[in-house]
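Below is one structure, written out as structure tokens; the observations come after it.
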Amino acid sequence: MDMLNEYGDRYSGELEDGSAPLDEGAVRDLPSLGDQRHSANHASLEGPGGLDDTASQTNPAQNDPGSSDNHDGRGVDADASQTVAQNSARAAEVEYKAFLDEGDSSLLQLRSTEAHGGVCALTFSPCLTRVAAGFEDGVVLVWNATSRHQERQLLGHEDSICSLVFSPDGAVLVSGSRDSHIVVWNAVSGDEVSRLKGHDGFVCALAFSPDGRRLASASVDFTVRLWDWASAELLATSVNHDAMVMSVAFSPDGTRIASASADCCARIFDARTLDVLAVLDEHEAVVYAIAFSPDGERVVTSSDDESIKIWNGRTGVNYLTIRAHEGGSVWESVFSADGRRVMSVGSDGAVKIWGSHDGESVDAISRADEVVNAPTFSPDGRFAAAGTKDNMVCVWDTATCKQVGCFDGHTDSVTRLRLSRDGSRIVSASDDGTVRIHTVGSRGAH
Numbered sequence: 001m002d003m004l005n006e007y008g009d010r011y012s013g014e015l016e017d018g019s020a021p022l023d024e025g026a027v028r029d030l031p032s033l034g035d036q037r038h039s040a041n042h043a044s045l046e047g048p049g050g051l052d053d054t055a056s057q058t059n060p061a062q063n064d065p066g067s068s069d070n071h072d073g074r075g076v077d078a079d080a081s082q083t084v085a086q087n088s089a090r091a092a093e094v095e096y097k098a099f100l101d102e103g104d105s106s107l108l109q110l111r112s113t114e115a116h117g118g119v120c121a122l123t124f125s126p127c128l129t130r131v132a133a134g135f136e137d138g139v140v141l142v143w144n145a146t147s148r149h150q151e152r153q154l155l156g157h158e159d160s161i162c163s164l165v166f167s168p169d170g171a172v173l174v175s176g177s178r179d180s181h182i183v184v185w186n187a188v189s190g191d192e193v194s195r196l197k198g199h200d201g202f203v204c205a206l207a208f209s210p211d212g213r214r215l216a217s218a219s220v221d222f223t224v225r226l227w228d229w230a231s232a233e234l235l236a237t238s239v240n241h242d243a244m245v246m247s248v249a250f251s252p253d254g255t256r257i258a259s260a261s262a263d264c265c266a267r268i269f270d271a272r273t274l275d276v277l278a279v280l281d282e283h284e285a286v287v288y289a290i291a292f293s294p295d296g297e298r299v300v301t302s303s304d305d306e307s308i309k310i311w312n313g314r315t316g317v318n319y320l321t322i323r324a325h326e327g328g329s330v331w332e333s334v335f336s337a338d339g340r341r342v343m344s345v346g347s348d349g350a351v352k353i354w355g356s357h358d359g360e361s362v363d364a365i366s367r368a369d370e371v372v373n374a375p376t377f378s379p380d381g382r383f384a385a386a387g388t389k390d391n392m393v394c395v396w397d398t399a400t401c402k403q404v405g406c407f408d409g410h411t412d413s414v415t416r417l418r419l420s421r422d423g424s425r426i427v428s429a430s431d432d433g434t435v436r437i438h439t440v441g442s443r444g445a446h
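So that you can map any letter, position 215 of the sequence shown is 215 in UniProt numbering, and since no number is skipped, the others follow by simple counting.
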């Protein structure tokens, strides 16, 4: 919601918005990064041994352009939130217990976060091998999720990064920044593959097509743009929204793109031309997010008007309105893996589950007085996580509504969270100046 607070007056006059405790888990420090100072204009890539040549697969966090411009990057892709099922095969399925005593919390220590200005985004690589964190100063740090060693820093953006996505195969990482640029990185070498220019304002959201060939971007400049990221060619531009576009998503079959905007509308576009297929205009306030159902036949929108709405994903007909969080904004909603349920999180701090066909309340996996910060879902909707009043990070199974893990270690408010696709790992950032990887311990976990 920071984007609305900072840019609301400029772009829309009406904008406003604003584990079981780690019983036995070890906390391990990564190599100290505290003495490093980063400049957004620094041409070199620092870190242990410079930029590592080992393959890096990271999810939506933030990265900065390096110094190399002459890499074709073919065969390298991006976007963790669009990760295809086969790329998750390397991630072991985890059997959960109510209060897991085998949980593990690994500390990625940033001893001088003042130099970065705070964590803006976090993400996992599709295969859970790496974690990336993006900062307000435009720096992105990437760690190996197993060894906890820093593998790279990507520098080059002139302002903080608002969005970060990996290709379905994790070979390409794309960063969108407040400097209005989108940078495509080779996640293996860290080289800049291409720089996508055209937006006139910061880039709020990014999404890859399921095949990884196209990239959609949404911006505070009211536009949605479609790119061939490898060639840096702008394929299409939509100027249909009347305020900043806050969310963008591809349908599972790659034929449609959906967007959500501060103009109180959502839209569905043809994914080849960005021609408008449907306008979803029944919300009464800012629409923060939009997501497709697993079969692509429905979309769910989350709004500042206290509601979530479920629509036909092709025609835009409104099927259902749920007053999900009365007295507060709905920040995010997502379908369960089978499409039968919808989970929502809101400014009231509650995480709720609803029937996606009848709107009946199924359960609340957390009460409003428990959750205070950063509620989020795994990409498949199977798990939810949030920071609590006592600086813990808790995880729930959304099918059973039971808590499956709760992690301590942070000494101040949890500000950012990201769940891996299979829910087995969580990365968290805190005002205490640390980034932590939490592994939900169980038999077979790794």
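Glycine included, every Cβ here is placed at the ideal spot set by N, Cα and C. All values derive from a computational prediction rather than experimental measurement.
Strictly by DSSP, which residues pair up with residue i?
i           : result
F166        : L173
S238        : V224
D363        : I353
G134        : A121 and V140
D270        : R256
A429        : R416 and V435
M244        : Answer is none; M244 lacks a bridge partner.
R178        : Paired residues: none, contrary to the question.
G346        : V330
L215        : F208 and W227
residue 450 : Here the chain covers residues 1 to 446 and nothing more, so residue 450 does not appear.
V184        : V174 and S194
A249        : A258
C406        : C394
Comparing C-alpha positions only, which one of the options sits nearest to residue i?
i    : options                   : result
S430 : V440, R418 and G423       : R418
V119 : D137, C127 and S125       : D137
F407 : V276, F166, A399 and M392 : M392
V239 : V276, H157 and L206       : V276
G156 : G327, L141, S347 and H283 : L141
R130 : V220, E192 and F166       : F166
S231 : L215, V220 and T434       : L215
D390 : D432, A271 and E151       : D432
A271 : N312, I322, P294 and D211 : D211
P252 : K197, V287, P126 and R298 : R298
W396 : E233, D422 and G190       : D422
G313 : R256, C265 and G349       : R256
G170 : P126, E282 and C265       : P126
D263 : T237, S303 and E233       : S303
N373 : H241, T388 and C394       : T388
F383 : D412, G409, K352 and T411 : K352
D348 : G359, A364 and L154       : A364
A187 : T376, K402 and A132       : A132
A350 : T315, C401, G359 and D358 : C401
E282 : G296, G359, I322 and F269 : I322
W185 : L154, C394, G201 and P168 : L154
T315 : E326, D412 and F269       : F269
G201 : C265, I161 and F135       : I161
Check whether the Cβ atoms of residue i and residue j lie closer than 9 Å to each other.
i    : j    : result
V245 : V300 : no
S163 : A121 : yes
F124 : S420 : yes
V440 : V414 : no
S247 : A278 : no
I310 : S356 : yes
S336 : A399 : yes
L274 : L226 : yes
I437 : R148 : yes
S293 : G339 : yes
D191 : S177 : no
S366 : A386 : yes
A243 : S259 : no
R267 : V224 : yes
L196 : S217 : yes
L128 : S424 : yes
G409 : T434 : yes
For the ligand NAD, is there a heavy atom less than 8 Å away from the beta-carbon of residue i?
i    : result
S347 : Among the ligands in the structure shown, none appear at all, so the ligand NAD cannot be discussed.
My assumption, with CB atoms under 8 Å, is that residue i sits in contact with residue j. Please give the rounded CB distance.
i    : j    : result
V174 : V183 : 7 Å
W331 : A289 : 7 Å
D221 : H199 : 5 Å
A285 : D305 : 4 Å
G381 : V334 : 5 Å
E219 : V203 : Inspection of the sequence shows that residue 219 is occupied by Ser rather than by Glu. Sure, about 5 Å apart at Cβ, within 8 Å.
S307 : V287 : That pair is no contact at about 10 Å.
Q: Entirely within the UniProt repeat "WD" (365-397) and at least 3 residues each: give me those beta strand (DSSP E) ranges in chain order.
A: 371-377, 383-388 and 393-397
Q) At what residue ranges does the segment 275-338 contain a whole run of the beta strand (DSSP E), taking only runs of 3 or more? A) 276-280, 287-292, 298-303, 307-312, 318-323 and 330-335
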